[in-house]
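Going by the numbering used here, the sequence shown opens with residue 1, and the numbers climb by one from there. Glycine residues also receive a C-beta, built at the ideal position from the N, C-alpha and C atoms. First up is the structure itself, then whatever we jot down about it.
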Amino acid sequence: MSNITIGQFFPGNSVIHRMDPRMKLVLTFIYIILIFVCKNFFALGVMVLSLIVVILLSKIPMKIIFKSVKPIMIIIAFTAVLNIFYIDDGDILFQWAFLKVTTTGVYTAIFMIVRITALVIASSMLTYTTSPTLITDGIERLLSPLKFMKNSVHTIAMMMTIALRFIPTLVDEFEKITNAQKARGADLETGTLVERAKALIPVLVPLFITSFRRAYELAFAMECRCYHGAEGRTRMKIMKYTKLDAVAALFIFIVGGGVIALNIFFEHLI
Numbered sequence: 001m002s003n004i005t006i007g008q009f010f011p012g013n014s015v016i017h018r019m020d021p022r023m024k025l026v027l028t029f030i031y032i033i034l035i036f037v038c039k040n041f042f043a044l045g046v047m048v049l050s051l052i053v054v055i056l057l058s059k060i061p062m063k064i065i066f067k068s069v070k071p072i073m074i075i076i077a078f079t080a081v082l083n084i085f086y087i088d089d090g091d092i093l094f095q096w097a098f099l100k101v102t103t104t105g106v107y108t109a110i111f112m113i114v115r116i117t118a119l120v121i122a123s124s125m126l127t128y129t130t131s132p133t134l135i136t137d138g139i140e141r142l143l144s145p146l147k148f149m150k151n152s153v154h155t156i157a158m159m160m161t162i163a164l165r166f167i168p169t170l171v172d173e174f175e176k177i178t179n180a181q182k183a184r185g186a187d188l189e190t191g192t193l194v195e196r197a198k199a200l201i202p203v204l205v206p207l208f209i210t211s212f213r214r215a216y217e218l219a220f221a222m223e224c225r226c227y228h229g230a231e232g233r234t235r236m237k238i239m240k241y242t243k244l245d246a247v248a249a250l251f252i253f254i255v256g257g258g259v260i261a262l263n264i265f266f267e268h269l270i
C-alpha cells in the first residue's frame with residue numbers, strides 16, 4: 001500500500017508540466033476515448049508509443065510509473081483470466097474438461113492487459129504533472145458553461161480534487177494503522193480469506209473514523225478562513241493557452257487519425 005502513487009503530484013519543469021491544465025484534462029479525456037476506440041494491436045501500439053513519448057517528455061521516473069499500475073494488478077490478472085477462458089473462438093491451444101484456451105482468447109487477454117495498463121498510466125500522468133490546485137481550476141473552467149444551469153461548478157471541481165488529493169493520505173494512514181495493529185500482535189497476512197477479512201476490521205474502523213475526522217477538520221478550517229467557494233475568489237496564476245498546448249492538440253489529433261486509419265485497414269485482425 002505504501003507504494004501507491006495514484007493522486008500524487010511530482011513537481012517539475014518539463015514541457016508536460018508547463019502545459020495548460022485545461023488542455024491536459026481535455027487531451028487525457030480524448031486519449032482515454034481513443035484507447036477504447038482501438039480495435040487491433042496496430043492501433044493500440046500507436047497509443048502506447050504516444051504514451052511513452054509523453055512519459056519521456058514529462059521526465060517522471062519509470063519506477064514511479066510502474067507503481068501506478070501495481071494497485072490494479074489483481075484486476076488486470078482477473079480480466080486476463082476471464083478473457084482467456086470465456087472466449088472460445090479460434091484454434092484450441094489447451095482444453096481440460098469445460099475449460100478451453102484458444103488463440104482468440106489469448107489475443108484478447110493480452111489486448112485487454114495493454115489497454116487497461118495504458119489507461120491507468122495515462123490517467124496517472126495527469127496527476128503526476130499537474131498540481132491539485134491547477135486541476136481544480138482547470139475542471140472549474142471547463143465546466144463553467146454549467147453555471148447557466150445554476151450548478152455550483154467550483155464546488156464540484158473542489159470535491160473531485162479533494163477526493164483525488166486524499167488518496168495518498170488515506171494510503172499512508174492505512175499503512176500506519178496496519179503497522180500499529182501488527183505491533184499489538186494482530187495477524188493480518190495468514191489464515192483463510194474469511195479470517196483475513198475479519199482481521200481487517202480493526203484496521204478499517206479506525207481508518208473510517210480518521211477519514212471523517214479529517215473531513216471535519218478540513219471543513220472547519222475552510223470555514224475559519226471564510227471560504228465561500230468561487231464567490232469573489234481571485235487566482236494567483238492566470239491560465240493561458242500557449243503554442244505548446246497547440247502542438248499537443250495537433251499531436252493527439254494525428255494520433256487519433258492514425259488509430260482510426262489502422263482500425264479501418266486492419267479491421268479483419270480482431
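Alpha-carbon spacing of residue 110 relative to residue 16, whole angstroms: Taking the straight line joining both Cα atoms gives about 29 Å.
N-terminal and C-terminal residue of the beta strand (DSSP E) that residue 102 is part of: Where residue 102 is concerned, the enclosing beta strand (DSSP E) stretches over 99–102.
Residue 62 beta carbon less than 8 Å from that of residue 248: Between residue 248 and residue 62, the C-beta gap is not smaller than 8 Å, which leaves the two residues out of contact.
Any C-beta of chain D under 8 Å from that of residue 180: The structure shown has no chain D; it contains just one protein chain.
Closest Cα partner of residue 219 within the set 132, 18, 155, 188: Among 132, 18, 155, 188, the Cα nearest to that of residue 219 is on 155.
Selected residue, minimal CA-CA separation from residue 106, among 50, 85, 71: Closest option to residue 106, Cα to Cα, is 85.
Span of the alpha helix (DSSP H) around residue 199: Looking at the DSSP string, the run of the alpha helix (DSSP H) that includes residue 199 is 193–199.
Spatial neighbours of residue 321 in its chain, beta-carbon cut-off 7 Å, leaving aside the 5 residues before and after: What is shown of the chain runs 1 to 270, which leaves residue 321 out entirely.
Per-residue DSSP class, three states only, for residue 252: It is helical.
Validate contact between the stretch 154–172 and the stretch 45–54 using beta carbons, cut 8 Å, 3 pairs: Output reads no: the stretch 45–54 does not touch the stretch 154–172.
Limits of the alpha helix (DSSP H) - the one that residue 43 falls within: Where residue 43 is concerned, the enclosing alpha helix (DSSP H) stretches over 41–58.
Residue 45 versus residue 125: straight-line alpha-carbon distance, rounded: Distance between residue 45 and residue 125, taken at the CA atoms: about 18 Å.
Top-ranked residue by Cα proximity to residue 204, from 174, 131, 81, 179: Residue 174 is the option with its Cα nearest to residue 204.
Three-state class that DSSP yields for residue 267 in the structure shown: For residue 267, the secondary structure class from DSSP, reduced to helix, strand or coil, is helix.
For residue 47 and residue 194, believed in contact at Cβ under 8 Å, the rounded distance: Actually they are not in contact, since the Cβ atoms of residue 194 and residue 47 sit about 41 Å apart, beyond 8 Å.
Cut-off 7 Å between Cβ atoms - residues of its own chain near residue 80, not counting five sequence neighbours on either side: Result list for residue 80: 109, 112, 113, in chain order.
Beta-carbon proximity list for residue 142, same chain, < 8 Å, skipping 5 on both sides: If we look at residue 142 and ignore the five residues flanking it on each side, its Cβ neighbours are 22, 25, 26.
Among 42, 244, 119, nearest to residue 19 - alpha-carbon criterion: The candidate whose alpha carbon is nearest that of residue 19 is 244.
Rounded separation between residue 137 and residue 157 - CA only: Residue 137 and residue 157 have their C-alpha atoms some 8 Å from each other.
Endpoints, alpha helix (DSSP H) assigned at residue 174: Annotation: the continuous alpha helix (DSSP H) that includes residue 174 extends over 153–183.
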